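The numbering of the sequence shown is my numbering, which starts it at 923 and goes up by one.
Glycine is no exception: its CB is placed at the ideal position from the N, C-alpha and C atoms.
Computed from a predicted structure; not experimentally measured.
I have placed the structure first, in the form of structure tokens, so that the comments after it can refer back to it.
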Amino acid sequence: METPDKITIRRPDDWHVHLRDGAVLEAVAGHTARAFARAIVMPNLAPPVTTIDDALRYRDHIRAAVGDNATFTPLMTCYLTDEADADEIRRGFDEGVFSAVKLYPAGATTNSAMGVTDMSRVSGVLEMMQDIGMPLLVHGEVTDPEIDIFDREAVYIERVLSPMLSDFAALKVVFEHITTSQAVAFVRAQGPRLGATITAHHLLIDRNDMFKGGIRPHLYCLPIAKRKGHRLALLEAATSGEESFFLGTDSAPHAINLKEAACGCAGVFSAPAALELYAHVFDQAGALDKLEAFASLNGPAFYGLPANEDTVSLVREDWQIPVAVHTAGDADILSFMAGETLSWKLAD
Ligand code: NCD
Ligand code: ZN
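Here's what the structure looks like:
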């Protein structure tokens, strides 16, 4: 079958993005708002977003950074800590400020030091969320240093996620940025109360790409890219059209000097070409007809929100991914696949 030169889909949303704050937010917000109508904004600022007031203040910053004319809607999340206040979270959800709660196991990733140390500490909050239908978004990696970094997601399923889903049988959960065939199989087995986001970079790279000709710090993220077989399982899931799988870029900007360092930080900045990267991947897989379900329909259905009414078009046209985004701060932020040519472009 010949593939078309233009596709039009409902406007997509990004169900997992890091926008940061201050000069970085100013520099990156427009890249997400350019393609996506809504985005679930991660709360791992320093200090994290834990109260309604924090979220309202942060949402104002995001709206200001995007500009008045844009139709972009940031969906705010609450960072779960051992000391989380169930009443505050419930009120934030009821008032439409918090869309979800984000669970970082303490120490799992960037700015997760304030995260949860033991699931028993947050059982009251999870019970409340289950009662009101508020989604829990999970960074699914164990932090046990004895567990190999490439096994941390699969072990998390056994040790934490599976027991949690049994204990809270009605809790809605998103397994964020999945990277393994075990996660794909687990999500499928759980039915509609468990969703999963899949990033563009985990559909494009495997662990060998991090070491191609030398060490490539800009491909280092958490969860870390796995073997090729896992990438292919993710690709099959994303392009299946199944409702459990939806778009979440996990675009995570870090200044170049913090990536290219003796101990570089985790995060891939994909926002400048995010939707086009997914289109590229889906086209290569012969599955462009499944892009709309993954990017624009499955996420809203999981969150109980309407799909966007307006549409975007992608055209077959070569263009180069912008190399870097300049910030008013000290350092630029390098894009994922900086300077490489993509054959799908978002039409104006
Ligand atoms: C994210 C970040 O930089 O905030 N980094 C990453 O590698 N994905 C945090 C996260 O989502 O794990
Ligand atoms: Zn993330």
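Cut-off 8 angstroms between Cβ atoms - residues of its own chain near residue i, not counting five sequence neighbours on either side
i, result
"A1223", "E1165, A1229"
"R1081", "V1064"
"R956", "L1268"
"A1183", "P1139"
Residue i CB to nearest heavy atom of the ligand ZN below 6 angstroms
i, result
"M964", "yes"
"D1172", "yes"
Spatial neighbours of residue i in its chain, beta-carbon cut-off 6 angstroms, leaving aside the 5 residues before and after
i, result
"N1033", "N966, A968"
"L1219", "A1229"
"A945", "T1249, A1250, G1251"
"E1273", "The chain is shown only over 923 to 1270; residue 1273 falls outside these bounds and no answer can be derived."
"G1117", "V1096, S1166, F1224"
"P970", "Y1001, M1036"
"K1150", "D1128"
"R1153", "D1128"
"I1071", "I1146"
Inter-residue CB distance, residue i and residue j (contact presumed, cutoff 8 angstroms)
i, j, result
"G1221", "L1169", "6 angstroms"
"A961", "D943", "That belief does not hold up - the Cβ atoms of A961 and D943 are roughly 15 angstroms apart, past 8 angstroms."
"H983", "L1025", "Contact doesn't hold; Cβ gap of about 24 angstroms is too wide."
"T1171", "A1193", "7 angstroms"
"V1044", "D1007", "Between D1007 and V1044 the Cβ distance is about 11 angstroms, and since that is not below 8 angstroms, they are no contact."
"K1181", "L1256", "7 angstroms"
Backbone CA spacing between residue i and residue j [nearest angstrom]
i, j, result
"A1035", "A1028", "5 angstroms"
"N1130", "V950", "28 angstroms"
"I1069", "D1040", "17 angstroms"
"A1201", "M998", "26 angstroms"
"A1253", "V1247", "9 angstroms"
"W937", "A1111", "22 angstroms"
"R933", "V1237", "15 angstroms"
"F1090", "S1042", "12 angstroms"
"G1135", "M1259", "15 angstroms"
"V1109", "S1162", "13 angstroms"
"R1138", "G1113", "37 angstroms"
"M1132", "G952", "28 angstroms"
"T1119", "A1209", "18 angstroms"
"F958", "I929", "16 angstroms"
"A870", "D1205", "In this structure the chain extends from 923 to 1270, so residue 870 is not present and cannot be described."
"D1053", "W1266", "43 angstroms"
"G989", "T995", "11 angstroms"
"D1240", "L1264", "6 angstroms"
"R1013", "R979", "16 angstroms"
"M964", "G1046", "22 angstroms"
"I931", "V1234", "6 angstroms"
"V939", "R1115", "21 angstroms"
"R909", "G1018", "Only positions 923 to 1270 of the chain appear in the structure, and residue 909 is not among them; the question remains open."
"H1124", "A992", "29 angstroms"
"D1270", "A1207", "25 angstroms"
"D1066", "T925", "46 angstroms"
"F1020", "V1038", "19 angstroms"
"G977", "L1048", "Checking the sequence, you will find Ala at residue 977 rather than Gly. Each residue's Cα considered, the two are about 20 angstroms apart."
Own chain, CB closer than 7 angstroms to residue i, minus 5 neighbours either side, in chain order
i, result
"I1127", "L1141, A1147"
"M1051", "V1023, L1058, L1093"
"E1010", "T973, I974"
"M1056", "F1015, A1022, V1023"
"A1122", "T1171, S1192, A1196, L1199, Y1200, V1203"
"G1261", "Q1242, I1243, V1245"
"L947", "L941, H983, I984, A987"
Check: residue i C-beta below 6 angstroms from any heavy atom of the ligand NCD
i, result
"L1219", "no"
"T1102", "no"
"L1144", "yes"
"H1140", "no"
"A1188", "yes"
"T1031", "yes"
"H940", "yes"
Any C-beta of chain D under 7 angstroms from that of residue i
i, result
"E948", "The structure shown contains no chain D; it holds only a single protein chain."
Next item on the list: Determine contact between the segment 1208 to 1217 and the segment 1073 to 1091, defined as no fewer than three beta-carbon pairs at a distance below 8 angstroms.
Entry: no
Notebook entry, point to check: Using 8 angstroms as the threshold, is the segment 1183 to 1200 in touch with the segment 1133 to 1146, meaning 3 or more CB pairs across them?
Noted result: yes
Note to self: Tell me whether the segment 1089 to 1100 and the segment 1173 to 1181 touch, counting them as touching only if at least three CB pairs, one residue from each stretch, are closer than 8 angstroms.
What the structure shows: no
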